[in-house]
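Undergrad:
Number of protein chains: 2
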Amino acid sequence: MVAKTAIRTGSDLGGAQTRKTAIADSACRAVERKGVRDLRVEDVAAEAGVSPALVYYYFGTRDALLAETFSHSNALSAAETDRRLKPSATARGTLEQFLLLELTEVWAVRQNWVVWTEMLGSALFDPTISALLAEVTDAWVAQIEALVRAGREDGSIGPGASPSDAAELLTSVLDGVGTKWMLGHMTARRARSLVREAIARELDG
Amino acid sequence: MVAKTAIRTGSDLGGAQTRKTAIADSACRAVERKGVRDLRVEDVAAEAGVSPALVYYYFGTRDALLAETFSHSNALSAAETDRRLKPSATARGTLEQFLLLELTEVWAVRQNWVVWTEMLGSALFDPTISALLAEVTDAWVAQIEALVRAGREDGSIGPGASPSDAAELLTSVLDGVGTKWMLGHMTARRARSLVREAIARELDG
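Which chain is which? The protein sequence lines are W and X, in order.
Here our numbering is used: the first residue of the first sequence is 7, the next is one more, and so on.
Here our numbering is used: the first residue of the second sequence is 7, the next is one more, and so on.
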């Protein structure tokens with residue numbers, strides 16, 4: 007239900023933010039179901055139960071909507087990971103959880119794999135999406151790299167591990183096995199076991 | 007130029023195979039340029055300079071054409087790798103070349119990355135493509151696994167390496183860094199250096 011009065015007057019900014027978030031949620035669901043390439047603003051509007059005009063009102067263009075969908079999908083998945091993250095005595099413990107929680111069977115995480123894979127395909131043919139993907143990927147690698155540095159400081163990660171190389175390699179492994187898991191080509195158990203093995207090889211040295 | 011007489015009479019099977027291959031080449035180019043999702047049989051026909059009817063004649067359906075395109079793209083890339091592969095005294099040397107040659111700037115290899123990524127995106131929404139992708143991926147992992155086994159036998163790979171795990175992890179790393187390289191988010195030099203590092207960590211043990 008959309009209170010159009012509030013949108014016209016701008017008197018309900020909190021409500022507007024909620025509606026914008028609800029539309030972004032719907033966009034994630036729409037991408038998960040039918041992909042990015044064929045996605046029309048009308049599909050997102052139908053999924054959200056609002057008018058296409060309202061989607062344009064909040065997002066401006068289809069490209070901006072897609073960019074926002076990608077960011078929102080990541081944020082949903084990250085929030086889910088944060089909710090499940092247990093306090094760890096070491097940076098390495100946190101890093102392990104960060105990676106392994108990406109292989110859990112919950113909607114926010116799984117839809118993010120689908121959205122991510124869709125964005126990857128679109129990035130081949132769309133420089134804007136490619137730039138956005140690079141930005142999000144770099145931020146993700148930087149997050150793991152920071153944990154490797156912290157782990158070297160607290161002694162939970164060996165001094166032989168190069169933070170930038172380890173972060174690239176571990177996120178690559180996660181991408182590879184996570185994609186297979188998402189497609190049903192590998193069990194979550196096997197995927198997690200391979201990530202644990204990669205962590206041991208990269209971080210014990 | 008297509009000799010339709012030969013097709014009608016079936017008297018020129020070698021020529022027919024050549025034409026089928028030429029159409030598959032064109033399909034690879036078409037996928038590389040505009041992706042799989044929007045690809046019509048007409049686009050492939052136009053790229054090949056033949057009629058859509060002829061494409062249907064050789065491939066039957068759009069799905070069969072896509073499957074053939076994927077296999078053909080892999081075959082082109084594999085042939086290019088074979089051409090560049092230097093004789094190696096050890097299975098490990100061959101394995102290293104196999105992986106690193108996937109990061110060389112030649113058309114057959116690069117277009118295969120694009121086709122592969124496109125197929126991955128389509129696999130999300132198409133069980134036939136998903137099954138095909140699983141088959142091709144499994145064959146690729148099995149090829150690397152066989153080289154790890156051979157390397158353990160010839161002594162070039164340490165006894166601590168699990169052939170199946172090492173093969174999954176190394177192909178995952180290659181996928182991750184190769185995708186970034188293809189998108190221009192990582193240099194070929196950095197990608198190759200990371201693959202070398204992963205090989206050392208996986209196979210020295």
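Cβ coordinates follow ideal geometry from the N, Cα and C atoms, glycine included.
Would you kindly report the start and end of the unbroken alpha helix (DSSP H) that includes ALA197 of chain X?
TA: The sequence position of residue 197 of chain X within the second sequence is 191, counting from 1. Counting along the chain, the alpha helix (DSSP H) containing ALA197 of chain X begins and ends at 194-209.
Undergrad: Which chain W residues sit within Cβ distance under 7 Å of ASP44 of chain X?
TA: As a first step, residue 44 of chain X is located in the second sequence; it is residue number 38 there, counting from the start. Chain W residues near ASP44 of chain X: ARG43.
Undergrad: Going by CA-CA distance only, name the one from X:TRP187, X:GLU53, X:PRO93, X:LEU175 that's closest to GLU208 of chain W.
TA: Position 202 of the first sequence, counted from the start, is the residue given in the question as residue 208 of chain W. Residue X:LEU175 is the option with its Cα nearest to GLU208 of chain W.
Undergrad: Looking only at its own chain, which residues have a Cβ that is under 6 Å from the Cβ of THR193 of chain X, when we skip the five neighbours before and after it?
TA: Counting from one through the second sequence, the residue named residue 193 of chain X turns up at place 187. For THR193 of chain X, where only same-chain residues beyond five positions count, there are no Cβ hits under 6 Å.
Undergrad: Of the residues that make up the segment 190-209 of chain W, which ones have a beta carbon closer than 7 Å to any beta carbon in chain X?
TA: Cβ contacts with chain X come from HIS191, LEU200, GLU203, ALA204, ARG207, GLU208.
Undergrad: Which bits of chain W does ASP1 of chain X rub up against, with CB to CB less than 9 Å?
TA: Residue 1 of chain X falls outside the range modelled here, since chain X spans only 7 to 211, and no answer is possible.
Undergrad: When DSSP labels each residue in this structure, what does PRO133 of chain W get in the three-state scheme?
TA: As a first step, residue 133 of chain W is located in the first sequence; it is residue number 127 there, counting from the start. Looking at PRO133 of chain W - three-state DSSP - the assignment turns out to be helix.
Undergrad: Using a Cβ-Cβ cut-off of 9 Å, state whether VAL154 of chain W counts as contacting chain X.
TA: The residue given as residue 154 of chain W occupies position 148 in the first sequence. It does not: the Cβ of VAL154 of chain W has no partner Cβ on chain X nearer than 9 Å.
Undergrad: Can you list, in chain order, the residues of its chain with a C-beta nearer than 6 Å to that of VAL47 of chain X? Leave out the 5 residues immediately preceding and following it.
TA: By one-based count along the second sequence, residue 47 of chain X stands at place 41. Closer than 6 Å at Cβ, skipping near neighbours: PRO58, VAL61, ARG68.
Undergrad: Tell me where the alpha helix (DSSP H) around GLU53 of chain W begins and ends.
TA: In the first sequence, counting from the first residue as 1, residue 53 of chain W sits at position 47. Counting along the chain, the alpha helix (DSSP H) containing GLU53 of chain W begins and ends at 47-54.
Undergrad: Nearest to ALA85 of chain X by alpha carbon, out of X:GLY55, X:ASN118, X:GLY66, X:ALA70?
TA: As a first step, residue 85 of chain X is located in the second sequence; it is residue number 79 there, counting from the start. When only C-alpha atoms are compared, the closest one is X:ASN118.
Undergrad: Name the two residues that bound the continuous alpha helix (DSSP H) containing SER79 of chain W.
TA: Indexing the first sequence from 1 puts residue 79 of chain W at position 73. 68-90 is the extent of the alpha helix (DSSP H) around SER79 of chain W.
Undergrad: Mind listing the chain W neighbours of LEU126 of chain X? Cutoff is C-beta to C-beta under 9 Å, in chain order.
TA: Taking the second sequence and counting its residues from 1, the one referred to as residue 126 of chain X is at position 120. Neighbours of LEU126 of chain X on chain W, chain order: THR123, LEU126, GLY127, THR185, LEU189.
Undergrad: Drop a sphere of 10 angstroms on the beta-carbon of GLU102 of chain X, count the other beta-carbons inside from all chains shown, and report buried for 16 or more, exposed for fewer.
TA: Indexing the second sequence from 1 puts residue 102 of chain X at position 96. The residue in question, GLU102 of chain X, is buried, as its Cβ has 16 or more Cβ neighbours within 10 Å.
Undergrad: Please report the straight-line C-alpha distance between TYR64 of chain W and THR143 of chain W, rounded to a whole angstrom.
TA: Along the first sequence, read from residue 1 onward, the residue named residue 64 of chain W stands at position 58. Along the first sequence, read from residue 1 onward, the residue named residue 143 of chain W stands at position 137. Between TYR64 of chain W and THR143 of chain W, the C-alpha separation is close to 26 Å.
Undergrad: Is the beta carbon of GLU1 of chain W less than 9 Å from the beta carbon of VAL42 of chain W?
TA: The requested residue 1 of chain W is not part of the displayed model; chain W covers only 7 to 211.
Undergrad: Give the DSSP-derived three-state secondary structure of ASP171 of chain W in the structure shown.
TA: For the purposes of this step, residue 171 of chain W is taken as residue 165 along the first sequence, with counting starting at 1. Looking at ASP171 of chain W - three-state DSSP - the assignment turns out to be helix.
Undergrad: Measure the C-alpha to C-alpha separation of TRP113 of chain X and VAL121 of chain X and round it to an integer number of angstroms.
TA: Your numbering for residue 113 of chain X matches position 107 in the second sequence. Your numbering for residue 121 of chain X matches position 115 in the second sequence. Going from the Cα of TRP113 of chain X to the Cα of VAL121 of chain X covers about 12 Å.
Undergrad: Check this for me: beta carbons of LEU109 of chain W and GLY190 of chain W, under 9 Å apart or not?
TA: Here residue 109 of chain W is taken as the residue at index 103 of the first sequence, counted from 1. Here residue 190 of chain W is taken as the residue at index 184 of the first sequence, counted from 1. No, the Cβ-Cβ distance between LEU109 of chain W and GLY190 of chain W is not below 9 Å.
Undergrad: Determine whether the Cβ of GLU174 of chain X lies closer than 9 Å to any Cβ atom of chain W.
TA: Along the second sequence, read from residue 1 onward, the residue named residue 174 of chain X stands at position 168. Yes, contact with chain W.
Undergrad: Using a Cβ cut-off of 7 Å, pull out every chain W residue sitting near LYS92 of chain X, in sequence order please.
TA: Here the question's residue 92 of chain X lines up with position 86 in the second sequence. Per Cβ cutoff of 7 Å: no residues; LYS92 of chain X is ~26 Å from chain W at best.
Undergrad: Between which two residues does the alpha helix (DSSP H) containing LEU107 of chain W stretch?
TA: Indexing the first sequence from 1 puts residue 107 of chain W at position 101. Element bounds for LEU107 of chain W: n/a, residue is neither H nor E.
Undergrad: Should ALA30 of chain X be labelled buried (16 or more other beta-carbon atoms within 10 Å of its own) or exposed?
TA: For the purposes of this step, residue 30 of chain X is identified with residue 24 of the second sequence, where counting begins at 1. When all chains shown are included, ALA30 of chain X counts as buried.
Undergrad: What runs of the beta strand (DSSP E), each 3 residues or longer, lie entirely inside the segment 137-190 of chain W?
TA: Listed in chain order, nothing qualifies, since the segment 137-190 of chain W has no complete beta strand (DSSP E) run of 3 or more residues.
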